[in-house]
Amino acid sequence: MSQSIILKPVMQWSGPLRRKVNAQPQFGAWLQEQAQHPVTATLITQWYRTLLPEPDNDRLAQVRQALRQLRERVFLVLMIRDINGLAPLEEVMLAMSSLADLAVAQAYETVARQLAEVHGIPKNSETGLPQEMIILGMGKLGGGELNVSSDIDLIMLYDEDGETDGRRPLSYHEFYGKVTQRMMPVLSDTDAFGQVFRTDLRLRPDGDSGPLAWSMQALENYLVNQGREWERYAWIKARPIKAQAFEGSRSAGDVHHFEALRTPFVYRKYFDFDALSALRGLRERIRQDWTRRALNRNGVETWHNIKLGDGGIREIEFVVQLNQLIRGGRQPSLQTPSLHKALQGQCAAGLLDQEVCDKLLAAYTFLRRVEHRLQYREDEQTHLLPQDEELRTELAATLGLSLADFDEQLGQHRKFVSHTFRNAFRLAGMGEEASTEPPAAAAPAPEESKAEHDQALQERIEQLRQALLNSHRLRSLPNASLDRVQRLIPLAEDYACRSENPEVTATRLFNLIELIAQRSAYLALLAEYPDTLARVARIVSASPWAAQYLAQYPLLLDSLIEWHSLMEIPDFAALSEQMRRDLDACRLPDGQADVEQQMNMMRDWQHQITFQLLAQDLEGVLTVEALADQLSALADMMLVETLERTWPLTRPRSLGPEHDSSPHFAVIAYGKLGGKEIGYASDLDLVFLYDDPSQDNVERYIKLARRMTSWLSAMTSSGRLYDIDLRLRPDGDAGLLAVSVDAFEQYQTRSAWSWEHQAITRARFVTGDAQIKNRFDDIRRSILLMERDQRKLRADILDMRDKISAGHPNRSELFDLKHDRGGMVDVEFITQYLVLCHSREHPKLLENLGNIALLGIAAQAGLIAVDHAQEVADAYRALRRRQHALRLEGAEKARVPQSELTQERQAVTRLWDEVLGY
Numbered sequence: 001m002s003q004s005i006i007l008k009p010v011m012q013w014s015g016p017l018r019r020k021v022n023a024q025p026q027f028g029a030w031l032q033e034q035a036q037h038p039v040t041a042t043l044i045t046q047w048y049r050t051l052l053p054e055p056d057n058d059r060l061a062q063v064r065q066a067l068r069q070l071r072e073r074v075f076l077v078l079m080i081r082d083i084n085g086l087a088p089l090e091e092v093m094l095a096m097s098s099l100a101d102l103a104v105a106q107a108y109e110t111v112a113r114q115l116a117e118v119h120g121i122p123k124n125s126e127t128g129l130p131q132e133m134i135i136l137g138m139g140k141l142g143g144g145e146l147n148v149s150s151d152i153d154l155i156m157l158y159d160e161d162g163e164t165d166g167r168r169p170l171s172y173h174e175f176y177g178k179v180t181q182r183m184m185p186v187l188s189d190t191d192a193f194g195q196v197f198r199t200d201l202r203l204r205p206d207g208d209s210g211p212l213a214w215s216m217q218a219l220e221n222y223l224v225n226q227g228r229e230w231e232r233y234a235w236i237k238a239r240p241i242k243a244q245a246f247e248g249s250r251s252a253g254d255v256h257h258f259e260a261l262r263t264p265f266v267y268r269k270y271f272d273f274d275a276l277s278a279l280r281g282l283r284e285r286i287r288q289d290w291t292r293r294a295l296n297r298n299g300v301e302t303w304h305n306i307k308l309g310d311g312g313i314r315e316i317e318f319v320v321q322l323n324q325l326i327r328g329g330r331q332p333s334l335q336t337p338s339l340h341k342a343l344q345g346q347c348a349a350g351l352l353d354q355e356v357c358d359k360l361l362a363a364y365t366f367l368r369r370v371e372h373r374l375q376y377r378e379d380e381q382t383h384l385l386p387q388d389e390e391l392r393t394e395l396a397a398t399l400g401l402s403l404a405d406f407d408e409q410l411g412q413h414r415k416f417v418s419h420t421f422r423n424a425f426r427l428a429g430m431g432e433e434a435s436t437e438p439p440a441a442a443a444p445a446p447e448e449s450k451a452e453h454d455q456a457l458q459e460r461i462e463q464l465r466q467a468l469l470n471s472h473r474l475r476s477l478p479n480a481s482l483d484r485v486q487r488l489i490p491l492a493e494d495y496a497c498r499s500e501n502p503e504v505t506a507t508r509l510f511n512l513i514e515l516i517a518q519r520s521a522y523l524a525l526l527a528e529y530p531d532t533l534a535r536v537a538r539i540v541s542a543s544p545w546a547a548q549y550l551a552q553y554p555l556l557l558d559s560l561i562e563w564h565s566l567m568e569i570p571d572f573a574a575l576s577e578q579m580r581r582d583l584d585a586c587r588l589p590d591g592q593a594d595v596e597q598q599m600n601m602m603r604d605w606q607h608q609i610t611f612q613l614l615a616q617d618l619e620g621v622l623t624v625e626a627l628a629d630q631l632s633a634l635a636d637m638m639l640v641e642t643l644e645r646t647w648p649l650t651r652p653r654s655l656g657p658e659h660d661s662s663p664h665f666a667v668i669a670y671g672k673l674g675g676k677e678i679g680y681a682s683d684l685d686l687v688f689l690y691d692d693p694s695q696d697n698v699e700r701y702i703k704l705a706r707r708m709t710s711w712l713s714a715m716t717s718s719g720r721l722y723d724i725d726l727r728l729r730p731d732g733d734a735g736l737l738a739v740s741v742d743a744f745e746q747y748q749t750r751s752a753w754s755w756e757h758q759a760i761t762r763a764r765f766v767t768g769d770a771q772i773k774n775r776f777d778d779i780r781r782s783i784l785l786m787e788r789d790q791r792k793l794r795a796d797i798l799d800m801r802d803k804i805s806a807g808h809p810n811r812s813e814l815f816d817l818k819h820d821r822g823g824m825v826d827v828e829f830i831t832q833y834l835v836l837c838h839s840r841e842h843p844k845l846l847e848n849l850g851n852i853a854l855l856g857i858a859a860q861a862g863l864i865a866v867d868h869a870q871e872v873a874d875a876y877r878a879l880r881r882r883q884h885a886l887r888l889e890g891a892e893k894a895r896v897p898q899s900e901l902t903q904e905r906q907a908v909t910r911l912w913d914e915v916l917g918y
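Position 519 of the sequence shown, counting from 1, maps to 519 under full-length UniProt numbering, and the rest follow consecutively.
Shown next, in the form of structure tokens:
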């Protein structure tokens, strides 16, 4: 590639390059050659080694000069590659960030070693090993996104205090302070060789008034007691820079300690809605900051600043980082200092639409490329577009655009960014726009005096109000929280009075307020978003079970902000992918999986999706059958992920990760989950199978079954996933937790009771080894196709039905929808008898399609009367709907007066007599 193609257009635009090549033509040839290859961290390190001479008495001066020469090379080569379209934005940003990392590490190493010669080396009190300083890259450096003429923001930390043991001892506080102080000129001072990076330490706690280096203990105290919202925003991008001055040091533990402090400060599991006003204020300060500066620049319009002006780079950063602050605590996959990765993660998580993500990324890329060209011109930290038309034309040309096309693209990008920035809280799920949903309808006044009715109602609600205010929880509240409660009470009363049952709704709302009163974040949420309180009122009014669920898991309150999203049918494929990313991101400081956090996160996900389905259920969006399908899909998703997470935990310590290949193991669902008919609080009937020729793994599979059961059913701070019932495995409670497929087949063909064959009609593979799935399906099929003595089968089923009745005695005058004669168990037994008796002649009965579909197949085969099949199918639906309604009403047992559902019970009894008799 000729010099004119590479250098000429760049030299026309850039003064530094033009002057350098004119003065040193041979260097221009070197630049031309180097510009044909990507600039990587490895290449930068190679250049540095060639520039750094053998050590002499003034090593610090040698490092200073080499770093400045290195910076010039990186800057010029990147410029040539960029303007010639050879380097994507990511290469430019990562190369500059790698240069900064190297420069900081070299400055630290040189200065720290020199000081240690006089004062001694700081050492960890427990290990006795050298203790390194932890250097944090903040801002664009932290995100690996430096521009080509950037400042770098640093914060200096160290693990613990102590005293060096050299001939002139210093406290560690003094030692690290001196290291920081002496590093700054190495990086920042301008001399005959130029400058490396302007360095800014003002993001440290207490800014310019604070010490130059902070101990971990001091940092922890500061973050807990004084950390402000804008600092949470800034610390998103904090990234430790790898730097080592002392041989044998181990700084990994110190870095882990730092992350253990930073993560909960920045990313809070329960989003603090108290912070919303502070974040809104930050948004407005970002917008006003440049306006104020512009006025001081003699009227330069905000439009000319592509960083701080309207629709500029800073506004894109705010949109992305706002979502990280709000959701990152509950979705660890969003916890990244990289804007690009954070934006991709938010899109994958559904927090931003794909179109919004694509347009923000396109705008960011365009604006950063423009920013770099502005800085290439004279190697200045500028973000101002030239006002001179000729210069603007030249600028456009460096991007391969005409001035008209440049202005058009710039305008489109900035208009979109400005609009997105103004709506940042709505896009983040913190909608600022007023809700358009209608309020709940008020109940009609009774026939007697409306005035008397209203008077009595107000008296009862006033009693509830006083009981709330006098409760122990509220009496112990700080004044700020109590003020919030007193603001909420009139709103709650208003929404309650609009409901069909004001007194009941007020009771439930006041109970919820009392339960969450100790958490000011939730009080702030309801006070900040009255529409959310209205939605809470609708939900608790409709169902006491829903009210109890919301009170048990108040974390779900923030999902009510985005009502439209709550009404969307869950996309389990997308949800599973996002949950997996979040679980993968749950790591302990040493890099190992954080099992406790993963278990809690899965419970939070399960509660969130369950609540989403509950809201749709109460709004009449889902039928009982559709709800059961969705809840079953949710349980399947949790079982898939539980197997994925628990298998590595069963690995013996003597074995490495290479032994974590997929287990020859499968999870089989029975009962309601097997038939995809589970409800909100259903337990899961499971059987665990394995098929592995190595006997060495048998104990591991039994351990896996135990681990899975514990993972699913253990009570953690976020509750439990599901109650697990393993009694349907071979030999029941006396059997092994996991059985081989061969043993399972032998048991089913030789030892199983008729009721166990009834159970297998509803069994299905959920997750695990595909070969076991095929074997299980074959075993199930062979069991259902066995020749049977119908008389004996009928006697066994009648005997089992009697045992169920005896095990669920009903001494009340009510009808038990499930267990009494003519109820749901009768329908299930009829279907199971038909499957076991007639699958050989009618193979369609083999499919696990649910009771209603199987009744239809039996009718088509002539096994039962068509009209009877239809009547019982309708009856089964009605029984399930009534059972479901009773559960939502908080009924402990699904029982109704004998006068209800008489036709449905008669239809079931008729078919029972037709098929089985009594």
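Backbone N, C-alpha and C fix where the C-beta goes; we use that ideal spot for every residue, glycine too.
1) Run through the DSSP bridge pairs and tell me what PRO240 is partnered with.
2) With respect to 8 Å, is the separation between the Cβ of ILE539 and the closest non-hydrogen atom of the ligand ZN below this value?
3) The beta strand (DSSP E) with ILE155 in it runs from where to where?
4) For GLY807, does the count of other Cβ atoms within 10 angstroms reach 16, so buried, or fall short, so exposed?
5) So, for ASN810: in the same chain, excluding its five sequence neighbours on each side, which residues have a beta-carbon less than 8 Å away from its beta-carbon?
6) Excluding the 5 residues preceding and the 5 following ASP161 in the sequence, name in chain order all residues of the same chain whose CB lies nearer than 7 Å to its CB.
7) Taking ARG764 as part of the beta strand (DSSP E), name the residues at either end of that continuous run.
8) If I'm right that ILE702 touches LEU649 with Cβ under 8 Å, what's the distance once you round it to whole angstroms?
9) Does DSSP put PRO693 in a helix, a strand or coil?
10) Which residue comes first and which comes last in the beta strand (DSSP E) that contains TRP214?
11) Nearest-angstrom Cα distance between ALA547 and ASN511?
12) Alpha carbons only, please: which of LEU686, ALA61, LYS269 and ALA260 is nearest the one belonging to ARG729?
13) Run through the DSSP bridge pairs and tell me what ALA669 is partnered with.
14) Hey, how far is the Cα of MET96 from the Cα of LEU146?
15) Sorted by chain position, which residues of the same chain lie with C-beta nearer than 8 Å to TRP545's C-beta, five sequence neighbours on each side aside?
16) Using the three-state DSSP reduction, which class does LEU146 fall into: helix, strand or coil?
17) Please name the residue in GLU462, ALA666 and ALA635 whose C-alpha comes closest to that of ASP723.
18) In the DSSP assignment, what are the bridge partners of TRP810?
19) Taking one C-beta from the segment 753 to 768 and one from the segment 637 to 647 each time, how about it: are there three or more such pairs within less than 8 Å?
20) Report all residues from its chain with a CB closer than 7 Å to the CB of LEU102; omit the five preceding and five following residues, and keep chain order.
21) If you run the structure through DSSP and keep just helix, strand and coil, what is GLU163?
22) Contact defined as beta carbons within less than 8 Å: I believe ASP780 pairs with ALA763. What is the distance between those atoms, to the nearest angstrom?
23) May I ask you to list the residues that DSSP assigns as paired with THR199?
24) Considering only the beta carbon of each residue, do ARG59 and GLN24 sit closer than 9 Å?
25) Going by the CB atoms, is the gap between LEU384 and ILE306 shorter than 9 Å?
26) DSSP three-state call for PHE258: helix, strand or coil?
27) Starting from the C-beta of VAL827, find all residues in its chain whose C-beta is less than 7 Å away, skip the five residues before and the five after it, and write them out in chain order.
28) So what does ALA738 bridge to, in DSSP terms?
29) Please confirm whether LEU673 and THR761 have their CB atoms less than 9 Å apart.
30) Pull up the distance between the alpha-carbon of ASP159 and that of ILE241, whole angstroms please.
31) Indicate whether GLU355 and LEU339 have their beta-carbon atoms separated by less than 9 Å.
32) Report buried or exposed for residue 936, applying the criterion of at least 16 other Cβ atoms within 10 angstroms of its Cβ.
33) Starting from ARG484 and walking both ways along the alpha helix (DSSP H), at which residues does that stretch end?
34) LEU618 to GLU493, Cα distance in whole Å?
35) Closer than 8 Å is the cut-off here; do at least three beta carbon pairs connect the segment 597 to 605 with the segment 521 to 530?
36) Determine the direct distance from the alpha carbon of GLY281 to that of ARG603, and round the result to whole angstroms.
Taking the structure as given:
1) LEU136
2) Questions concerning the ligand ZN fall outside what the structure shown contains, since it holds no ligand whatsoever.
3) 152 to 158
4) exposed
5) ASP816, HIS819, ASP820 and ARG895
6) These residues qualify, in order along the chain: SER171, TYR172, HIS173 and SER215.
7) 764 to 768
8) The pair is not a contact, with the Cβ atoms about 14 Å apart (cut-off 8 Å).
9) Coil.
10) 213 to 215
11) 9 Å
12) LEU686
13) LEU686 and ARG764
14) Rounded to whole angstroms, the separation of the alpha carbons of LEU146 and MET96 is 6 Å.
15) Non-local C-beta neighbours of TRP545 in its own chain, meaning closer than 8 Å and more than five positions away in sequence, comprise TYR680, ARG887, LEU888, GLU889 and GLY890, ordered along the chain.
16) coil
17) ALA635
18) In the sequence under discussion, the amino acid at residue 810 is Asn, which differs from the Trp named in the question. Looking at the DSSP assignment, ASN810 forms no beta bridge with any residue, so it has no partner.
19) yes
20) ILE44, THR45 and TYR48
21) strand
22) Here the sequence assigns Arg to residue 780, which means Asp is not the residue at that position. Rounded, the Cβ-Cβ distance is 6 Å, consistent with contact.
23) ILE152
24) no
25) yes
26) helix
27) ASN851, VAL872, TYR876 and VAL908
28) PHE688
29) no
30) 15 Å
31) With respect to LEU339, GLU355 sits apart: the two C-beta atoms are not nearer than 9 Å.
32) No information on residue 936 is available, as it lies outside the stretch 1 to 918 that the chain covers here.
33) Annotation: the continuous alpha helix (DSSP H) that includes ARG484 extends over 479 to 497.
34) 21 Å
35) no
36) 34 Å
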